[in-house]
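*Asks:* What follows is a structure written as structure tokens; I'll ask about it next.
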Amino acid sequence: MNTSFDICTSLIRKAKNIIVLTGAGISTESGIKDFRSKTGVYKMAPEYILSLDYFYQHPVEFYQFAMENLYHPDAKPNQGHKILAKWEEQGRVQHIITQNIDGLHQKAGSRHVIEFHGTMKTASCLNCGKIYPAEEMEERIQTMHDFYICDHCETKRERNRYIKPDVVLFGDAGEWFTKKGFQSILQLIKHADCLLVLGTSLKVTPFSTFPQYRSQNDPMIIINRDETPYDSLAGTYVMHESIGKILTQIDRELS
Ligand code: APR
16 MNTSFDICTS LIRKAKNIIV LTGAGISTES GIKDFRSKTG VYKMAPEYIL SLDYFYQHPV
76 EFYQFAMENL YHPDAKPNQG HKILAKWEEQ GRVQHIITQN IDGLHQKAGS RHVIEFHGTM
136 KTASCLNCGK IYPAEEMEER IQTMHDFYIC DHCETKRERN RYIKPDVVLF GDAGEWFTKK
196 GFQSILQLIK HADCLLVLGT SLKVTPFSTF PQYRSQNDPM IIINRDETPY DSLAGTYVMH
256 ESIGKILTQI DRELS
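Going by my numbering, the sequence shown opens with residue 16, and the numbers climb by one from there.
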């Protein structure tokens, strides 16, 4: 193995408080497309579709795209998800902060997961907050014309009571985007003894700023097929490899 692999294995072996940052790249081995690699979702459609503006202007087309490309109820966790859950059990991984909305970390058994960009599991009325499970939205889409309008509350303008999936869209903000939410994430990162970044291009703010908050003398490990803007930073160890393959090999060395 190359030095990066040996160094990463020894860093993970020693670490007791790993904070993991994940993106769509950890779920591609579960059959879920990522966004920006050459086979990503944005090769078929512009980022703009996943914006709050587009949701309000074209709710039907938005839901068609979202249910087809972002909702994967039958997807299974892969080796990468499972090993992170095992390392949490062993006291190595403290918390996962994910951009993913597929729920696969939780399905693999990880208990400390922050879904920074929300979840596709539920949708909520933007007026009264009524929660609609994704299964119910699937049903409504099949049987109702104005499926995206809440029928639990009343407003003068229908668009004030649209039902939006509980994901963070471009131009939107999520529950972790408050000062308090952001601060609690920065605290986790500051107290980490190793930052492990898996399957993200680190191109979308504010998530992509998180690596800047790690304590300078703590190492960062990046496992990502494509390059990221952080690859050449000091104290950063990079492997442009498959996450499943590398985590499996590191885990084998640890056991
Ligand atoms: N192993 C390692 N790396 C992989 C694998 C794999 N099996 N599969 C894909 N990758 C890498 C790709 O090379 C790519 O650089 O994962 C990265 C995924 O990057 P993006 O597609 O940009 O996904 P992500 O970083 O999660 O996007 C962030 O953008 O569209 C918004 O809200 C959406 O949460 C998403 C955010």
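Virtual Cβ for every residue (Gly too), placed ideally from N, Cα, C.
At a cut-off of 8 Å, is leucine 65 close to the ligand APR when judged by its beta-carbon and the heavy atoms of the ligand?
*Replies:* The residue you call residue 65 lines up with position 50 of the sequence shown. Leucine 65 Cβ: within cutoff of the ligand APR.
*Asks:* My understanding is that serine 216 touches aspartate 241, with C-beta atoms under 8 Å, so please give their C-beta distance in whole angstroms.
*Replies:* Here residue 216 refers to the residue found at position 201 when the sequence shown is read from its first residue. Here residue 241 refers to the residue found at position 226 when the sequence shown is read from its first residue. Between the beta-carbon of serine 216 and that of aspartate 241 there is about 6 Å, and that keeps the pair under the 8 Å contact cut.
*Asks:* Measuring alpha carbon to alpha carbon, tell me which of Cys209, Asp233 and Arg174 ends up nearest valine 75.
*Replies:* Here residue 75 refers to the residue found at position 60 of the sequence shown. Answer by Cα proximity: Arg174.
*Asks:* What is the DSSP secondary structure of serine 125, counted as helix, strand or coil?
*Replies:* Here residue 125 refers to the residue found at position 110 when the sequence shown is read from its first residue. DSSP places serine 125 in coil when its eight states are reduced to three.
*Asks:* Can isoleucine 261 and cysteine 23 be called in contact, C-beta distance under 9 Å?
*Replies:* Stepping through the sequence shown from its first residue, residue 261 is reached at position 246. Stepping through the sequence shown from its first residue, residue 23 is reached at position 8. Going by C-beta atoms, isoleucine 261 is nearer than 9 Å to cysteine 23.
*Asks:* Let me know the secondary structure DSSP gives lysine 136 once reduced to three states.
*Replies:* As a first step, residue 136 must be located in the sequence shown, where it is residue number 121. In the three-state scheme derived from DSSP, where H, G and I count as helix and E and B as strand, lysine 136 is classed as strand.
*Asks:* Whose CA, out of Tyr71, His167, His96 and Asp49, lies closest to the CA of glycine 124?
*Replies:* Here residue 124 refers to the residue found at position 109 of the sequence shown. Of the candidates Tyr71, His167, His96 and Asp49, the one whose C-alpha sits nearest the C-alpha of glycine 124 is His96.
*Asks:* So, does the region 127-135 touch the region 39-53, judging by three or more C-beta pairs under 8 Å?
*Replies:* Result no; under three Cβ-Cβ pairs closer than 8 Å.
*Asks:* If you count every other CB in all the chains shown that lies within 10 Å of the CB of isoleucine 33, and 16 or more means buried, which is it?
*Replies:* Taking the sequence shown and counting its residues from 1, one reaches residue 33 at position 18. Buried.
*Asks:* Using 8 Å as the threshold, is the region 192-212 in touch with the region 224-232, meaning 3 or more CB pairs across them?
*Replies:* These segments touch.
*Asks:* Could you work out which residue in Lys145, Tyr71 and Leu211 is closest to isoleucine 98 when comparing CA atoms only?
*Replies:* For the purposes of this step, residue 98 is taken as the residue at position 83 of the sequence shown. Closest by alpha carbon: Leu211.
*Asks:* What residues in its chain sit with their C-beta under 6 Å from that of methionine 16, if we drop five residues either side in the sequence?
*Replies:* Along the sequence shown, read from residue 1 onward, the residue named residue 16 stands at position 1. At methionine 16, the pLDDT of 44 sits below 50, so the modelled position is not reliable; the number obtained from the coordinates is stated separately. Answer for methionine 16: no residue qualifies.
*Asks:* Who does methionine 235 pair with in a DSSP beta bridge?
*Replies:* As a first step, residue 235 is located in the sequence shown; it is residue number 220 there, counting from the start. Paired residues: Leu210 and Thr251.
*Asks:* Measure the beta-carbon distance from proline 234 to glycine 250 and round it to whole angstroms, keeping in mind my assumption that it falls under 8 Å.
*Replies:* For this step, residue 234 is matched to residue 219 along the sequence shown. For this step, residue 250 is matched to residue 235 along the sequence shown. Their Cβ separation, rounded to whole angstroms, is 5 Å, which keeps proline 234 and glycine 250 in contact under 8 Å.
*Asks:* Just to confirm my understanding: we take histidine 167, look at its own chain, exclude 5 residues before and 5 after, and list those with CB closer than 8 Å. What are they?
*Replies:* Position 152 of the sequence shown, counted from the first residue, corresponds to residue 167. Cβ within range, chain order: Cys140, Cys143 and Lys145.
*Asks:* Report yes if the C-beta of valine 128 is less than 8 Å from at least one heavy atom of the ligand APR; otherwise report no.
*Replies:* One-based indexing of the sequence shown puts residue 128 at position 113. Relative to the ligand APR, valine 128 has its C-beta separated by 8 Å or more from all heavy atoms.
*Asks:* Let me check understanding here. Comparing Cα to Cα, which of Ile258, Gln114 and Pro244 lies closest to phenylalanine 192?
*Replies:* In the sequence shown, residue 192 corresponds to position 177, counting from 1. Selected option, being the one with the closest Cα: Gln114.
*Asks:* Of all the options Thr243, Asn239 and Asp208, which has the alpha carbon lying nearest to the alpha carbon of threonine 224?
*Replies:* Stepping through the sequence shown from its first residue, residue 224 is reached at position 209. Comparing Cα-Cα distances from threonine 224 to each of Thr243, Asn239 and Asp208, the minimum goes to Thr243.
*Asks:* Under 8 Å by Cβ, that's how I've got aspartate 117 and alanine 90 pegged, so tell me the actual separation to the nearest angstrom.
*Replies:* Mapped onto the sequence shown, residue 117 falls at position 102. Mapped onto the sequence shown, residue 90 falls at position 75. Going by Cβ atoms, the distance from aspartate 117 to alanine 90 rounds to 6 Å, so yes, they are a contact pair.
*Asks:* Got a sec, what are the start and stop residues for the beta strand (DSSP E) threonine 113 sits in?
*Replies:* Residue 113 sits at position 98 when you count from the first residue of the sequence shown. From DSSP, the beta strand (DSSP E) with threonine 113 extends over 108-113.
*Asks:* Would you tell me roughly how many angstroms separate the C-alpha atoms of serine 19 and leucine 119, rounded to the nearest one?
*Replies:* Counted from its first residue, the sequence shown places residue 19 at position 4. Counted from its first residue, the sequence shown places residue 119 at position 104. So the alpha carbons of these two residues sit roughly 27 Å apart.
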